[in-house]
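J.: Here it is, the structure, as structure tokens.
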Amino acid sequence: MKKIAIFVEGETERDFVCEFLREIAGQKEISIKTCTFYGGGESGTERQHTEWETLNPLVADTKYYAQIYVSTTDNRVISDINENFKGLRAQDFSRIVGLRDLRGEQHGRTMGLADLPRMELASKVVERKCLPLPVHIVIAVMEIETWFLAETHHYACIDERLTENMVRSNFNTLGFNPYEDDLPSTRPEPAEDLKKLYQFVGKSYSKKEKHRIRTIECLDYAEIYFNLRSKIVKLKEFVSAIDDFLT
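Position 193 of the sequence shown, counted from 1, bears residue number 805 in our numbering, the numbering being contiguous throughout.
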């Protein structure tokens, strides 16, 4: 059985990754456990994690096993990987993937596209340190909601009135066209864009559980896997890292 550890920034990333793994690997093919880190850093307490929660149990036919760690803050994903890779290597994990947003607060300011090269350099340092264990840290630009916004098939699942024609005809109100625009480079707050889009039909989006789960369950994972990955560089990196694990 192949094992992968995935470190994510928050609950939205965790829920998306869990659903993506189920859809791509198959419900009976993969077992998934998750936990959440707490403490460490400025808290002055030891970095620990909650009890493991089993989402997909091990069965006789299970081929893959995934442990998903929620770092709870964007700037802890890299350090959590750095602090745990030796133990994971000793447990015969074959790969580590990190997933965090570019957008976030650091040193009192909001991160933007200009910060991406520096963040990627820091990620490469940790990736090299973890060798020979393959590690790939993906920085979603600007945040994972960019991927949700770009997966336009899911709009009608949120509400059947949210058609392509409706979205296109409201370009002046939205200020963007998700069917044509380069969303990673042009939309600094994609979560707010989703909220604005859904509000056309009296719905909303936020990182609250009921909102994020509704969107994540509506996403077309075949579209993400086969088509959307070729349009968004960071999504392609993430899908390729999971592909490498599953093959």
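Ideal placement from N, C-alpha and C gives every residue a C-beta, glycine not left out.
#1: Are the region 766-785 and the region 724-741 touching by the rule of at least three beta carbon pairs closer than 8 Å?
#2: Is E776 helix, strand or coil when you go by DSSP?
#3: Within 10 angstroms of its Cβ, does A834 collect 16 or more other Cβ (buried), or is it exposed?
#4: Under three-state DSSP, which class holds K807?
#5: DSSP beta-bridge partners for R605?
#6: To the nearest angstrom, how far is the alpha carbon of A617 from that of V779?
#7: What would DSSP say about Y677, mapped onto helix, strand or coil?
#8: Could you tell me which residues DSSP puts in a beta bridge with I644?
#9: Is Y650 helix, strand or coil when you go by DSSP?
#10: Does the structure place the region 829-845 close enough to the region 800-808 that three or more beta carbon pairs sit under 8 Å?
#11: Within 10 angstroms of the Cβ of W664, are there 16 or more other Cβ atoms? Answer buried if so, exposed if not.
#12: Does DSSP classify I825 as helix, strand or coil?
#13: Count the other C-beta atoms from every protein chain shown that fall within 10 angstroms of the C-beta of T758, then say buried if there are 16 or more, exposed otherwise.
#14: Threshold first: 4 residues or longer. Then list the alpha helix (DSSP H) segments lying entirely within the region 694-745, N to C.
#15: My understanding is that Y681 touches F632, with C-beta atoms under 8 Å, so please give their C-beta distance in whole angstroms.
#16: May I have the straight-line CA-CA distance separating Q811 from A803, to the nearest angstrom?
T.: Concretely, from the data shown:
#1: Put simply, the region 766-785 does not touch the region 724-741. Fewer than three CB pairs are less than 8 Å apart.
#2: Note: E776 maps to helix in three-state DSSP.
#3: It counts as exposed.
#4: K807 falls in the helix class under three-state DSSP.
#5: The structure shown does not extend to residue 605, since the chain is modelled only from 613 through 859, so no value can be given for it.
#6: In a straight line, the C-alpha of A617 is about 38 Å away from that of V779.
#7: Here Y677 sits in strand by DSSP.
#8: Note: I644 sits in a beta bridge opposite N668 and A678.
#9: In the structure shown, Y650 sits in a strand (DSSP, three-state: E or B).
#10: Short answer: they don't touch.
#11: Taking all protein chains in view, the Cβ of W664 is surrounded by fewer than 16 other Cβ atoms within 10 Å, so the residue is classified as exposed.
#12: Three-state result, I825: helix.
#13: Burial call: buried.
#14: Complete alpha helix (DSSP H) runs here, min 4: 728-741.
#15: Contact between Y681 and F632 is absent: CB atoms are separated by about 16 Å, not below the 8 Å threshold.
#16: Here the alpha carbons of A803 and Q811 stand approximately 12 Å from one another.
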